[in-house]
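*Asks:* The structure follows.
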Amino acid sequence: MNPQAKLIFASSLLLGTTIVISSNHWITAWAGLEINTLAILPLISKSHHPRAIEAATKYFLTQATASALLLFSSMTNAWHTGQWDITQMTHPTSCLILTSALAMKLGLVPFHFWFPEVLQGSPLITGLLLSTAMKLPPIALLYMTAQSLNPTVLTGMAILSAALGGWMGLNQTQVRKILAFSSISHLGWMAIILIYNPKLTLLNFYLYTLMTATIFLTLNSTNTTKLSTLMTSWTKAPALSAMLMLTLLSLAGLPPLTGFLPKWLIIQELTKQEMTPAATIIALLSLLGLFFYLRLAYCATITLPPHSTNHMKQWHTNKPIPSSIAILTVLSTTLLPLSPMISPTI
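Structure (structure tokens):
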């Protein structure tokens, strides 16, 4: 793809996200989401592979449906209350339709079917954008409308997302699909706490973005898309594979790594809100995710391919590790000691 086109699409993504985050009116938020959708479509389908075209088509149809639902819910609310303001969503039916629309935008269960397929058909860098940057506008809208949403529906969707994200990731061999199901289960953690403490949702999203960016950039650097390829990358870039293992364990939420911080704070907050059963269930469901993260980490660092080469491991390669990956890995693994600074502000 030519650089000018890439620049236009990247700036459109930035513009769309900025419009959504800074808008007060539903129509401007909808326009921002549409700009985002149109800007990412060429990035998904740029390889002209049938799977990429299929992914772009699925993405377009899902996002168009979600945008139509969002517009419909805001119009229904305006019809009943005369309010177009995002924070003034008070009509119960509108709130329910809005929850469904934003869940579809994000890929929360039961509207998650499109996400693994789209991620599988996209290049790794576009996959990174779909997993992180494209989720920021819907999460910003959820943050602004948190007080209007139905707690029962949201908690149900959150627990189902954590369950299905864990279950369906267990038997995958494609790394992008595993990361898609990982994203779905993390969205469950973000959704369950949204009504009680929206700041925690944002914190979880930021840390998830940090860790996912590290993983996608590492996989892109070693050109890995399947577990079988991941097994052979150890001999080529041992340092990078070791960093990938730490980041995967952090994403699984193991202490003393960064990923433990949001899970710890969310379980604490749910317990304060007298939602101990929900906290217990979602904590147990995260064990499913832990299994496939451990499987990825095992493939990345511990296993050697059956026909491994006899030469020494190349700890000193001619190709240095990009500084962006090094910085992101450090942040993805060492931020837990900041928790005393974060706790009072949340």
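In terms of full-length UniProt numbering, the sequence shown opens at residue 1 and continues consecutively. For each residue, glycine too, the CB sits at the ideal point set by N, CA and C. Nothing here was measured: the structure is a model prediction, and the numbers come from that model.
(1) Please state if the CB of Thr99 and the CB of residue 347 are separated by a distance shorter than 7 Å.
(2) Quick one: is His25 buried, meaning 16 or more other Cβ sit within 10 Å of its Cβ, or exposed?
(3) Assuming Ile321 is part of the alpha helix (DSSP H), what are its boundary residues?
(4) Should Pro344 go down as buried or exposed, given a rule of 16 or more other Cβ atoms within 10 Å for buried?
(5) Would you say the segment 91 to 108 touches the segment 172 to 179, given that touching needs at least three Cβ pairs under 8 Å?
(6) Decide if Gly82 is buried, meaning its Cβ has at least 16 other Cβ atoms within 10 Å, or exposed.
(7) Buried or exposed for Thr186, going by 16 or more other Cβ atoms inside 10 Å?
(8) Among the candidates Leu294, Val153, Thr333, Leu43, whose CA atom is the shortest distance from the CA of Thr214?
(9) Is the beta carbon of Leu203 closer than 7 Å to that of Phe260?
(10) With a threshold of 16 other CB atoms inside 10 Å of the CB of Lys226, please say whether the residue is buried or exposed.
(11) Could you name the residues of the same chain whose beta carbon sits closer than 6 Å to that of Leu38, not counting the 5 residues immediately before and after it, in chain order?
(12) What does the alpha-carbon distance come out to for the pair Leu251 and Asp85?
(13) Cutting at 7 Å between CB atoms, please list the residues of its own chain near Ala66, excluding the five before and the five after it.
(14) Am I right that Leu200 and Leu265 are in contact with their C-beta atoms under 8 Å? What's the rounded C-beta distance?
(15) Going by the beta-carbon positions, is the gap between Leu270 and Ala278 smaller than 7 Å?
(16) I'd like to know whether the C-beta atoms of Thr62 and Trp114 end up nearer to each other than 7 Å.
(17) How many angstroms separate the CA atom of Phe72 from the CA atom of Ile97?
(18) Out of Asn77, Leu33, Ser122, Trp79, which has the shortest C-alpha to C-alpha gap to Ser45?
(19) Quick one: Cα of Arg70 to Cα of Leu33, how far?
(20) If you measure between the beta carbons of Pro137 and Thr212, is that distance less than 7 Å?
(21) Tell me whether the beta-carbon of Ala55 lies closer than 7 Å to the beta-carbon of Val109.
(22) Looking at the structure shown, is residue 348 part of a helix, part of a strand, or coil, going by DSSP?
(23) Would you mind working out which of Thr152, Thr132, Met275 sits nearest Leu207, comparing C-alpha positions?
(24) Exposed or buried, what is Leu210 when buried is set at 16 or more other beta-carbons lying within 10 Å of its beta-carbon?
*Replies:* The structure says:
(1) What the structure shows of the chain is the stretch from 1 to 346, and residue 347 is not part of that stretch, so it cannot be assessed.
(2) exposed
(3) Taken as a continuous stretch (DSSP letters only), Ile321 belongs to no alpha helix (DSSP H), as it is neither H nor E.
(4) exposed
(5) Touching, no, given that fewer than three Cβ pairs across the two stretches are closer than 8 Å.
(6) By the beta-carbon neighbour count (other beta carbons within 10 angstroms, threshold 16), Gly82 is exposed.
(7) It is worth fixing the name first, because residue 186 is His in this sequence and not Thr. Buried is the call here.
(8) Cα-wise, what sits closest to Thr214 is Thr333.
(9) no
(10) exposed
(11) none
(12) 36 Å
(13) Ala101, Met104, Lys105
(14) 6 Å
(15) yes
(16) yes
(17) One Cα belongs to Phe72, the other to Ile97, and the distance between them is close to 8 Å.
(18) Ser122
(19) According to the sequence as given, residue 70 is Leu; it is not Arg. Spanning the two alpha carbons is a distance of roughly 10 Å.
(20) no
(21) No, they are not a contact pair.
(22) Limits of the chain in this structure are 1 at one end and 346 at the other, which puts residue 348 out of reach.
(23) Thr132
(24) buried
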